[in-house]
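Structure record follows, encoded as structure tokens.
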Amino acid sequence: MASLTHPLLTAFRASKPAFGAWITLPGVLSARTAAASSPHLSWVVLDCEHGAISIQPGAAESAHAIAGLGAAAPTTI
């Protein structure tokens, strides 16, 4: 079984800062753009409470779009 990458956990274990982005805008494009904006991002938060992102299908679609970036994708929270 292949091991999955988890950038946030990797940063914690290495005692390094974990930089991230907080997304409040809905849409796959905005989520993917924010997640791919820097190779230094460890995490991305999809704010479904304070932002304009709905839980279904908004957050699910955005999480899949971020995961679609591959192994370099930040952890989605």
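For the sequence shown, numbering that gives the first Met the number 0 assigns the number 76 to the last residue and increments by one with no breaks.
All residues carry an ideal CB built from backbone N, CA and C; glycine is no exception.
Per DSSP, what kind of secondary structure is residue i in: helix, strand or coil?
i     : result
ILE65 : helix
GLY19 : strand
SER41 : strand
THR4  : coil
How about residue i and residue j: are their beta carbons less than 7 Å apart?
i     : j     : result
HIS5  : THR75 : no
ALA58 : LEU45 : yes
LEU68 : ALA35 : yes
Are any of the Cβ atoms in chain D nearer than 7 Å to that of residue i?
i     : result
GLY19 : Considering every chain present, this structure includes no chain D. It has just one protein chain.
Taking the alpha-carbon positions, what's the residue i to residue j distance?
i     : j     : result
ALA1  : ALA66 : Since pLDDT at ALA1 reaches only 46, below the 50 mark, its modelled position is unreliable, and no value is offered.
PRO38 : ALA20 : 12 Å
Return the first residue and the last residue of the alpha helix (DSSP H) that residue i is part of.
i     : result
LEU28 : 27-34
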